[in-house]
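In the numbering used here, the protein residues as written are 1 to 792. Contents: one structure, followed by commentary.
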């Protein structure tokens, strides 16, 4: 409440004017002359007391003109007001528009105590909101008074004088509050004097607040510059983020800050940087707690009382031992608006976080996003560079890059190895110093590439390395062009094919160039050993021992060289591989190392072509009065093992297995059956083209239990057979059919008919003889019609 006037009427009208001007003697006489004689004595005492108080307040006015901080100014003004009004204590509260709070600061040595409360609370809040002066004689009887502070401090508030601090333009900066006047109660004179005083110092306080805000802004700008400079210069992401979080804690006057990032694999938020937890990692399930909600909604959250908010996750405090009071949390949004985490600051030291604090933290979050994005880009560039270096290092081809002046910028290990040079000494050297003499043409090619911006490729070219060794290389020169088409330099790729040419030359002796190329491309993958289906061919010269004795050693060597030359060309012509020479025999493989559906057909065509070429070969020998050469052929198809086989000092690519042995046995079986060309039933099943052939028998080789059908090949299916040959094959087929039914007489009749058609058909003669023997002495019931070959 406001007490009744207890001073002489009219004196309050002079107080402000007296305060604004220095009190002169003439002014005092003027003041006293206004009042009746009876009141002059009382008035003189009042004016004397007023003058004393005015001296204190004038001193305060002089003090505010000194260059002070806001804290020191408030402290001095409060002390002077307390003294001037003979009170227990006083306070000056200024308004903080950012937080809508009244605050007061008291400097205690190097420490500064700050009191803050809502701008509507208590007596001070009522005065600030209304702009009216309050004089209260009994604080506890006034509903606006908050006794809670007295209860905390043990102080007893009795009387209160509270006036708004108003500028001359009418803006309310805050309130001045004086408590417990020692003598009597506060009067209207007190209120007028305090009002006039606060109005007088208001401009200084306002200026000081502006200065303080400017200083705060400068400090913030300085911190922001530090962050910006750190982002542009700091490559260590963790160190940079720690610095950003530390500055955000300082910038927002908080106790600690945490940067949570999203872990997409576990779908959690984890503490990338967390102050005050000694490197302990905090993980929060997706969408849980304040941080989780900010991340999912991308909306900032400002909480004045964390424990009063149901979204607050108390478990983190329990784990860390920290007591969270206020929280400000904003999302960290990366490029394209995708959230990557949140920044959270805890416990604003001046009360709840303000809207200005939120703007500051959003700036920090944006800087964090930039830092993380820069770190990602740097990491990607570094990884790409490392990847490129690793690629260059792992390449078997040599790579050199040149700038526009033809200076070497990069050289990989393979290039240094091929050129037999020191990579460190080559870096920075010009192409003309590296490639001299017979290599000079490379420099000219580089010039052409730079001039035309077109690649140049030199296949199977020869260059000299540093030691003078001649190398066969494929050389690829290409321009380096940037995104706008400007020339950056050139690249040289050297493929050393020296060893490949040697190997290719060696391999060409037993396989075609095409197969050799495939083997060289796949290398150990095909030569290391594997099981596969293949067709094996054995050829052997008939009566070679007798023939070699007849023509002598020199003639034998000449014969074999000429014979093998003709035959191997036929092998290669049908995509076969020459496995080996075994004396006068040839072993060829179809389907290893590279199988094809036509392997069996290629083997038969090769054998038929061998017979044709052999006729031409014998014509030449006959003209030279040399004995003819005849061969026997055996072919089988089966699963075999193909690979490099031998010792560490000598290895050959070959094939092994029962299928190989059977092909050799078939070649040998020609001798007993009087034939020249036998194949197994397994090969016959794989044939896709048509051939003239006849089934001869079931053959069981020594050491095996399962018989295989064997066939004699007579030629291509599209070549016409003579009428005599057709009748012969028909009679033989009927004879074989009845033979397997144990009808010896009928079978003998058919085989005899075949012999009558061709007396030189040895298979018909052999089966006729068998029928006669079985007719005279039939085999047992276990006879299965299989012929067992005991000889190799």
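Idealized CB from N, CA, C, for every residue including glycine.
Please report the distance separating the alpha-carbon of residue i from that of residue j.
i           : j           : result
residue 591 : residue 661 : 17 Å
residue 544 : residue 395 : 53 Å
residue 326 : residue 311 : 13 Å
residue 540 : residue 546 : 14 Å
residue 616 : residue 680 : 28 Å
residue 456 : residue 482 : 19 Å
residue 11  : residue 195 : The pLDDT assigned to residue 11 is 44, lower than 50, so where the model puts this residue is not dependable; a value taken from the coordinates is nonetheless given after this. When rounded, the distance between both Cα atoms is 15 Å.
residue 780 : residue 759 : 31 Å
residue 285 : residue 346 : 20 Å
residue 733 : residue 688 : 22 Å
residue 786 : residue 700 : 7 Å
residue 73  : residue 148 : 28 Å
residue 20  : residue 156 : At residue 20, the pLDDT of 47 sits below 50, so the modelled position is not reliable; the number obtained from the coordinates is stated separately. Computed Cα separation, rounded: 35 Å.
residue 261 : residue 369 : 10 Å
residue 444 : residue 498 : 23 Å
residue 18  : residue 256 : Residue confidence for residue 18 is low, a pLDDT of 47 falling below 50, so the modelled location carries little weight; the figure read from the coordinates is stated next. Approximately 52 Å between the Cα atoms of the pair.
residue 295 : residue 271 : 13 Å
residue 597 : residue 770 : 39 Å
residue 656 : residue 579 : 11 Å
DSSP state of residue i, grouped into three classes?
i           : result
residue 474 : strand
residue 660 : helix
residue 74  : helix
residue 185 : coil
residue 692 : strand
residue 738 : helix
residue 787 : strand
residue 324 : coil
residue 447 : helix
residue 292 : helix
residue 594 : coil
residue 633 : strand
residue 626 : coil
residue 312 : coil
residue 371 : helix
residue 780 : coil
residue 427 : coil
residue 480 : strand
If you measure between the beta carbons of residue i and residue j, is that distance less than 8 Å?
i           : j           : result
residue 80  : residue 93  : no
residue 89  : residue 179 : yes
residue 410 : residue 373 : no
residue 472 : residue 479 : no
residue 78  : residue 91  : yes
residue 358 : residue 302 : yes
residue 163 : residue 198 : yes
residue 535 : residue 600 : yes
residue 754 : residue 761 : yes
residue 538 : residue 663 : yes
residue 682 : residue 637 : yes
residue 446 : residue 461 : no
residue 747 : residue 739 : yes
residue 711 : residue 695 : yes
residue 789 : residue 665 : yes
residue 604 : residue 635 : yes
residue 375 : residue 237 : yes
Taking the DSSP output, what are the residues bridged to residue i?
i           : result
residue 270 : 261 and 283
residue 91  : 177
residue 494 : 398 and 475
residue 644 : 653
residue 580 : 587
residue 114 : 105
Among the options, which residue has its Cα nearest to the Cα of residue i?
i           : options               : result
residue 439 : 672, 482 and 419      : 419
residue 584 : 567, 597, 600 and 594 : 567
residue 158 : 146, 166, 151 and 139 : 139
residue 494 : 458, 237, 637 and 264 : 458
residue 427 : 415, 436 and 437      : 415
residue 292 : 254, 322 and 332      : 332
residue 123 : 116, 718, 408 and 161 : 161
residue 117 : 96, 406 and 134       : 96
residue 626 : 550, 749 and 578      : 550
residue 360 : 417, 300 and 485      : 300
Hey, would you say the C-beta of residue i is under 7 Å away from at least one heavy atom of the ligand FAD?
i           : result
residue 603 : Questions concerning the ligand FAD fall outside what the structure shown contains, since it holds no ligand whatsoever.
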